[in-house]
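Note that the protein sequences, when read in sequence, are chains G and X. Using my numbering, read the first sequence as starting at 1089 and increasing by one per residue. Using my numbering, read the second sequence as starting at 1089 and increasing by one per residue.
2 protein chains.
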Amino acid sequence: MKISIPTILDIETTYSRIKPFVHNTPVLKSELINSMLDCELFFKCENFQKAGTFKYRGATNAVLCLTNAAKLRGVATHSSGNHAGALAKASAINGVKAYIVMPKTAPKVKIDAVNSYGGEITFCEPTLQARESNLEKVIEGTGAVMIHPYDNFDVISGQGTACLELTKQITQPDIVMAPVGGGGLLGGTSLVSKSLWKSTKVIAGEPANADDAYQSFKSGKHILSQNPNTIADGLLTSLSDRTYTIMVENVDDVLIAKEETIVEAMKLVYQYLKIVIEPSSAVPLAAVMENIDIFKGKKVAIILSGGNVDLGSLLFYLS
Amino acid sequence: MKISIPTILDIETTYSRIKPFVHNTPVLKSELINSMLDCELFFKCENFQKAGTFKYRGATNAVLCLTNAAKLRGVATHSSGNHAGALAKASAINGVKAYIVMPKTAPKVKIDAVNSYGGEITFCEPTLQARESNLEKVIEGTGAVMIHPYDNFDVISGQGTACLELTKQITQPDIVMAPVGGGGLLGGTSLVSKSLWKSTKVIAGEPANADDAYQSFKSGKHILSQNPNTIADGLLTSLSDRTYTIMVENVDDVLIAKEETIVEAMKLVYQYLKIVIEPSSAVPLAAVMENIDIFKGKKVAIILSGGNVDLGSLLFYLS
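Structure (C-alpha cells):
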C-alpha cells in the first residue's frame, strides 16, 4: 500500500485551517550563545505553543479534519506524554470528546494536563500491549477515531506548520533542525523546508540513547529503538514507515547527542534565552555543541519542541 | 535641597534616546494562571531585556546622558547584582569604561556577566562600608562618574520606559504592579502610570522579609530595612529619599508576600508561562496570590523585573 505523505500545498491548507486556533510562536536569539558556538542560531519557540508543545498543531488539525459524524463519536489515543494533553485540549476547544489511554505510571503533570482539558482517561499497565489493548476496547465501546501521535497524515501536516510559520519570520537559513522521536515534527519540518528553502540542509537531532533514526538513516534500513533510555522523554518512540520514508527523502543528516550534552544545552537555553524547555527541545542544540565544525559560521534555525517539564525532574536534570 | 524627579516628558524623551539600544520586550499571558487566580494578568517580560534585567534601561540612559568629557573618564558603581552587569554592558556598547566594585562574595554568575561585558572589577569585603570606600578610591583614581543603581534621575527615568512601552502594548489595566527594592522600577512605573493611565491603581509587591517600603508606606515615615533576608535578592535594598518621595506621591498600595508564596509564584511562571525569572520578579504575583480578593475580576499588569538566576540557586529554591 502506498503511504500518503503531505505536500506543501496540504501543509499550507492545514495552516489556514488551524491558524485561528494556534499561537504564532516567537523566534528568539541569544548573542552570547551565538558567540560561544560561533554560528547564528534562531530558536522557534514551540514551548510557547498552546498546551506547551508543537503537538497542539497536529492534534488541532486532526480534530478539525474529522467528519461531523466522527466529531460526535470523539477521538482516542494512547500516550503518556505531550500528545495526550495536546489532543485533549484541541478536542475540548472544538467540542469533541477525547478518550486517552495512559499508563498508570505517567507523570502527574501530564495526567493533570489531560484532566484539566476535560479528557477522559483510562489508566492501564505501563506496557505497549496493555496500552494498545485498552485503546482497542475504548474504541470498540465509543466508536472514537484513533489519532496516532505521528503516524498520521493530518498530524504530520499540522506539525509542518511550525516550519511554515518560521519561513515567514526569518530569511532562509543554511540549516534547519528539529529533534526526532516518532518523526512527526521532523517530517513536517523537512517537507516544508525542502519545498520553500530548497538549498537549506535539514538536520535532525537525536539522543544517542534513543538513536533509531540515526541507525536507520546511516544503514538505509528502517530500524526500531531497542530499550531507549534518555532524559529527552519525548523522543523515546521510533519512526513509523511513513515518517521513515519522509526522512529518507527529505533529511540531509541525523546527528546524535550524549545525555550530558543535552543537559548542558538545556542549561544554556535557561541561562541565556530565559525560557523553559523540556529536555527533548534541547537535543538539536546539543547536536550543534557536539559538532561545532559542521555549524561554524552558519545560520541555523532550531525548532524547540516544547516546554512541558515537571519541575521536580527539572531539578534532577540540572543538578 | 529639592529632590529632582522625572516627569512623563522626561521619560518620553528618555525612551526616544534609549530605544535603539534596548529590546521592546513582549507581554505574555496564561489562561491557566488567570483561571486559577480569577483575574486577567499581563506580564511585561523584562527578563528578556538585554543583560536580562530592566536595569539595562536605566543604565543605558545614564550612560547616554553623560557629557563627552565624562564619557572619556568612565562610570563607576558598587553592586553585587543586576545593576553591575547592566551598567557594564551599557557602557561597553557605548565605548565607555565601567569600574564596578563588587563584594568578593558576589555570585559567580554576576561576576562572569560583568567580566563578559568588559567591566573592570575591584573586589572588596562584603560590607557596605568596604563597598563605599573602595568605590571612592576608584572614583578618585579615575574621575569616573558614579551611577547609583536607583537614586539617580536618569536611572529612574530609564526604568520608567518599561511601563511607557507597556502602555502601547495593552489597553489600560485596573492595576499595574512592580516589585520594590530600591524603588527605581516602582518609581519609574508609577510616574508613567499616574500620567497616562490616571485611574489605574499602582501597587508595589515587596517581600515580607525586606519590607521597608511597606513599613514606610503604612507609617508615613521613611524607614530603612533592618537585616533584610529574602530569596528575592534584587529587593534587599531600601528606598532612597528620592524613591520614597515618588512612592508617597504616586503609589496606591504596597503589598507584602511571604517567602513560600514567592517560590510558589516562581513555579507558576516556570510551569505555565514557560519563562525563566529570578525570584524578585515573582514578588508581585506572590502578592496577588496572597490577596485574591483585591484582584478578583481585575485586569492587572505585572512588570517582571529580570531573569538572572543562578541555576544552582534555582534548584535550591524550587526543591
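Every residue, glycine too, gets a C-beta built ideally from N, C-alpha and C.
The beta carbon of Val1243 (chain G) is closer than 6 Å to those of Gly1146, Ala1150 and Gly1272 in its chain, skipping five residues each way along the sequence. Boundaries of the beta strand (DSSP E) around Lys1387 (chain G): Lys1387 to Leu1392. In this structure, the beta-carbon distance from Val1202 (chain X) to Ala1164 (chain X) does not fall below 8 Å. Within the segment 1329-1368 of chain G, the complete beta strand (DSSP E) segments at least 3 residues long are 1341-1345, listed from N- to C-terminus.
Under the 8 Å criterion on CB atoms, Tyr1358 (chain X) is classed as interfacial with respect to chain G. Separation of Thr1215 (chain X) and Thr1113 (chain X) (C-alpha to C-alpha, rounded to the nearest whole angstrom) is 35 Å. Using a Cβ-Cβ cut-off of 8 Å, Pro1367 (chain X) does not count as an interface residue toward chain G, since no Cβ of chain G sits closer than that to its own.
Against chain X, the beta carbon of Asn1182 (chain G) has no neighbour under 9 Å; the closest one sits roughly 16 Å away. Annotated three-state conformation of His1171 (chain X) is helix, per DSSP. Not flagged as an interface residue toward chain G: Gly1173 (chain X), since no C-beta distance is shorter than 8 Å. Ile1121 (chain G) sits buried, since 16 or more C-beta atoms from the chains shown fall within 10 Å of its C-beta. The alpha-carbon separation between Gly1276 (chain X) and Asn1297 (chain X) amounts to approximately 24 Å. At a cut-off of 8 Å between beta carbons, Leu1152 (chain G) makes no contact with chain X.
Residue nearest to Thr1333 (chain X) within the set X:Phe1109, X:Tyr1103 and X:Asp1239 is X:Asp1239 (criterion: CA-CA distance). With its beta carbon less than 8 Å from one in chain G, Ile1363 (chain X) belongs to the interface. Using a Cβ-Cβ distance cut-off of 8 Å, the segment 1381-1398 of chain G and the segment 1296-1313 of chain X are not in contact, since fewer than three pairs of beta carbons, one from each stretch, lie closer than that value.
Against Leu1273 (chain X), chain G offers no close residue; the least beta-carbon distance is about 17 Å (beta-carbon pairs closer than 8 Å). The beta-carbon of Gly1140 (chain G) is placed less than 8 Å from the nearest beta-carbon of chain X. Contacts with chain G at 8 Å (Cβ-Cβ) include Lys1355 (chain X). With 16 or more neighbouring CB atoms inside 10 Å of its own CB, Ser1368 (chain G) falls in the buried class.
For Glu1208 (chain X), the enclosing beta strand (DSSP E) begins and ends at Glu1208 to Cys1212.
Non-local beta-carbon contacts of Lys1117 (chain X) in its own chain, meaning distances under 8 Å to residues more than five positions away in sequence, involve Glu1128, Leu1129, Phe1130 and Phe1131 in chain order. With a threshold of 16 other beta carbon atoms within 10 Å, Asn1156 (chain G) falls short and is exposed. About 22 Å separates the Cβ atoms of Val1364 (chain G) and Val1268 (chain G), ruling out a contact at the 8 Å cut-off. Pro1372 (chain G): member of the alpha helix (DSSP H) spanning Val1371 to Glu1378, first to last residue. DSSP places Pro1108 (chain G) in the helix class (H, G or I) of the three-state scheme. Looking at the DSSP output, Pro1267 (chain G) bridges to G:Gly1293. A Cβ-Cβ distance of about 6 Å is found for the pair Ala1370 (chain X) and Val1357 (chain X), placing them in contact under the 8 Å criterion. Just so you know, the alpha carbons of Lys1289 (chain X) and Cys1251 (chain X) end up roughly 13 Å apart.
Taking C-alpha positions only, Val1189 (chain G) is separated from Cys1212 (chain G) by approximately 7 Å.
For the pair Arg1161 (chain G) and Ala1266 (chain G), the CB atoms are not nearer than the 8 Å cut-off. Residues of chain X with a Cβ closer than 8 Å to the Cβ of Leu1399 (chain G) are, in chain order, Lys1355, Tyr1358, Gln1359 and Leu1406. The alpha carbon of Gln1217 (chain G) has as its nearest neighbour, out of G:Pro1191, G:Thr1102 and G:Ser1104, the alpha carbon of G:Pro1191. Here Tyr1302 (chain G) carries a helix assignment [DSSP, helix/strand/coil]. Beta-bridge partners assigned by DSSP to Glu1128 (chain X): X:Lys1387. Residue pairing by DSSP puts Val1189 (chain G) in a beta bridge opposite G:His1166 and G:Thr1210.
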